[in-house]
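Below: the structure, in structure tokens.
Residue numbers (our numbering): 3 to 127.
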């Protein structure tokens, strides 16, 4: 099949617009300050934050930042990171699992059930 030049340009423009629209739906990384963290963990969180900012389309970087924020009792920021990681890697079970676990820990049981069901649909085992 041979494309005409105007049709190819139209397809490329629509594709670019779709990608741009998807990136707008992506939750922002939280605006972090590490000054209130214990000195022994400050550098660890800052390093993960810097990595996630340097690689904004990397699900692992966002998710690992979320894990640290979850560990150091920053649930809202952790939740945003888990959601971001899931959107970047929608087939990954772990980010939905971590988000659902966090929601359950916070007493958001209805949300946790929905999130964990979604995680199980990705990996029923």
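Cβ coordinates follow ideal geometry from the N, Cα and C atoms, glycine included.
Check each candidate in the options and name the one with the smallest Cα separation from residue i.
i           : options         : result
residue 32  : 106, 42, 70     : 70
residue 109 : 55, 47, 44, 77  : 77
residue 74  : 85, 43, 63      : 43
residue 37  : 28, 47, 104, 84 : 47
residue 91  : 65, 126, 34     : 65
residue 86  : 35, 112, 58     : 58
residue 2   : 39, 34, 63      : Shown here, the chain extends from 3 to 127; a query on residue 2 therefore has no answer.
residue 95  : 61, 49, 82, 45  : 61
residue 51  : 104, 41, 83     : 83
residue 104 : 72, 34, 45      : 72
Using only the alpha-carbon positions, how far apart do residue i and residue j sit?
i           : j           : result
residue 118 : residue 56  : 30 Å
residue 114 : residue 53  : 28 Å
residue 68  : residue 93  : 18 Å
residue 29  : residue 101 : 14 Å
residue 120 : residue 98  : 7 Å
residue 107 : residue 81  : 12 Å
residue 40  : residue 116 : 34 Å
residue 35  : residue 45  : 11 Å
Buried or exposed: where does residue i fall if 16 or more other Cβ atoms within 10 Å of its Cβ makes it buried?
i           : result
residue 123 : exposed
residue 111 : exposed
residue 27  : exposed
residue 127 : exposed
residue 125 : exposed
Discussion item. For a minimum of 4 consecutive residues, which ranges assigned as the alpha helix (DSSP H) are wholly contained in the region 75–125?
Written reply: 77–90, 95–107, 111–124
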